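For reference, each letter of the sequence shown is one residue, going 5 to 294 in my numbering.
So the structure is just underneath, and the comments pick up after that.
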Amino acid sequence: MEVDCAGCAGCCIDWRPLAADPSEHERRGDQPPLDNRYNLVPLTRDDVKAFVDAGYTDVMRPRLWRAAGERPHVTIDGFDVVAIGERPLFMLGLRHVPKPVGPFDADPRWLSACVFLDPTTLQCRIHDEAIYPRTCATYPGHHLVLDREPECVRVERETGRQRLLDETPPADVPPPPLGAQSLGATVFLHPSADRLAAVIDRLARDELTADDRREFVAVALAQSPGMPAVNEERYRSALARLGDATSWVSPAGADWRAAASNRSPEPGLAATFEEARGAPHTQGWPDDPE
Ligand code: SF4
């Protein structure tokens, strides 16, 4: 497997506003997400723990799914949410905020982007760190193994530039994040639909609070792979640990949201919004071979 990622970041942003034929691949099938995020990276429980250990308690958000037809579900805030028994199913991904990005040689514009994307280089700020999520590190390995179209091919179709240079699947791709074996590892069960009253409504309106996000992170940390029971003691200790602590990501996100509503899309704002608060720098791409 070999990919050309220079100037792309197609798997880190919602580039549907740039696409002549926007993909809705995350919303096909009989359990579309309740949120409207595009390219939400599924995190493993180990990823979640690593982020919390590194002080990035505020970078994650949940995804839950709508149940269509007879699919097992529980109804919360008027939404039929996919569930096992009375317990809603969820995964955790990385938050997005509006950032001024110019992928595929386009002029910068405000697009929904992963909190870790450096808008000036279109590189990941945590690429070389221990917290780099497994899904990002192996992308698009799972797609190649499962014969599913990766984002690289969608970008190629839209822009005409080849991105997936070698599509031989790597030999060491871990199990897919959303398979039958994922319970307690990448897909979690919330113990109480009642506790999610009003939360699901906020999630569907893209208005989750920091407390809402902390609740899902603590529940995920209180489960173990293959054992979706929530350990109450671990849940309480995780909630206490998450506390009100925030990394540079939260204040930067607030600045990005404010700027997106009243400023022109200037990637250089990242120096003030992110790097001045401690965000890791990126190096930029070597000279483009084209
Ligand atoms: S963590 Fe990095 S590679 Fe993964 S989606 Fe975010 S910016 Fe992209």
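Quick reminder that beta carbons are idealized off the backbone N, C-alpha and C, glycines included.
Keep in mind it's a predicted model, so treat the numbers as computed, not measured.
Identify which residue in the options has its Cα closest to the Cα of residue i.
i    : options                   : result
L47  : Q166, P271 and I135       : I135
G168 : P21, H147, L207 and A275  : For clarity, residue 168 is Leu in the given sequence; the question names Gly instead. Here the closest residue by C-alpha is H147.
P21  : V234, Y143, A54 and A117  : A117
N43  : R75, L98 and D8           : L98
E74  : P26, R65 and A87          : A87
P66  : A141, P76 and L93         : L93
Y143 : A197, V7 and P102         : V7
D198 : W289, E237, V78 and P179  : V78
A356 : V253, V101 and E278       : This structure gives no information on residue 356, because the portion of the chain shown stretches from 5 to 294.
V177 : A202, E211, T163 and R138 : R138
C140 : C16, E278 and P102        : C16
P102 : Q287, E160 and F277       : F277
D132 : T286, D291 and A54        : T286
M64  : E219, R281 and E236       : E219
Give the range of the alpha helix (DSSP H) segment to which residue i is assigned.
i    : result
A117 : Premise fails: A117 lies in the beta strand (DSSP E), R113 to C118, not in any alpha helix (DSSP H).
P107 : Note, P107: premise wrong, no alpha helix (DSSP H); not H, not E.
P255 : V253 to N266
D205 : V203 to A208
R65  : Note, R65: premise wrong, no alpha helix (DSSP H); beta strand (DSSP E) at M64 to R67.
D51  : R49 to D57
Y239 : E236 to L246
L225 : A214 to L225
G33  : Unbroken run through G33: none, as it is neither H nor E.
A280 : First-last for A280: undefined, no H or E at that position.
C140 : R138 to T142
Residue i lies in the beta strand (DSSP E); which residues open and close that run?
i    : result
V86  : F83 to I88
H77  : H77 to I80
G97  : R91 to L98
D170 : L168 to D170
Can you give the beta carbon distance from residue i to residue j, rounded, assuming they're within the 8 Å contact cut?
i    : j    : result
W114 : A264 : 5 Å
L187 : V56  : Between V56 and L187 the Cβ distance is about 20 Å, and since that is not below 8 Å, they are no contact.
D62  : S251 : 6 Å
R49  : A283 : Going by Cβ atoms, the distance from R49 to A283 rounds to 25 Å, so no, they are not a contact pair.
P112 : P271 : 5 Å
A222 : L200 : Contact doesn't hold; Cβ gap of about 13 Å is too wide.
Y239 : A249 : Actually they are not in contact, since the Cβ atoms of Y239 and A249 sit about 17 Å apart, beyond 8 Å.
M5   : P180 : Actually they do not touch by this definition, with Cβ atoms about 15 Å apart.
G33  : R158 : Incorrect: roughly 17 Å between the Cβ atoms, too far for contact.
Pull the bridge partners of residue i from the DSSP assignment, please.
i    : result
L193 : L93
L187 : V191
R70  : V85
L121 : C128
E153 : The partner list for E153 (beta bridge, DSSP) is empty, contrary to what the question assumes.
V7   : L168
V101 : A117
S228 : M231
At least 3 beta-carbon pairs within less than 8 Å: the segment 209–225 vs the segment 258–267: Remark: fewer than three beta-carbon pairs, one from each stretch, lie closer than 8 Å, so the segment 209–225 and the segment 258–267 are not flagged as touching.
Contact between the segment 104–118 and the segment 192–209 (3+ Cβ pairs under 8 Å): The segment 104–118, when compared against the segment 192–209, does not touch it at the 8 Å Cβ threshold.
Inter-stretch contact at 8 Å, needing at least 3 Cβ pairs: the segment 117–134 / the segment 150–166: Too few Cβ pairs lie closer than 8 Å, so no.
Inter-stretch contact at 8 Å, needing at least 3 Cβ pairs: the segment 200–214 / the segment 73–92: With the cut-off at 8 Å, the segment 200–214 and the segment 73–92 touch.
Cβ contact (3+ pairs, closer than 8 Å) linking the segment 21–37 and the segment 67–74: Output reads yes: the segment 67–74 touches the segment 21–37.
Exercise answer, beta-carbon shell around the ligand GDP heavy atoms below 5 Å: Summarising the ligand content, the structure contains the ligand SF4 and does not contain the ligand GDP.
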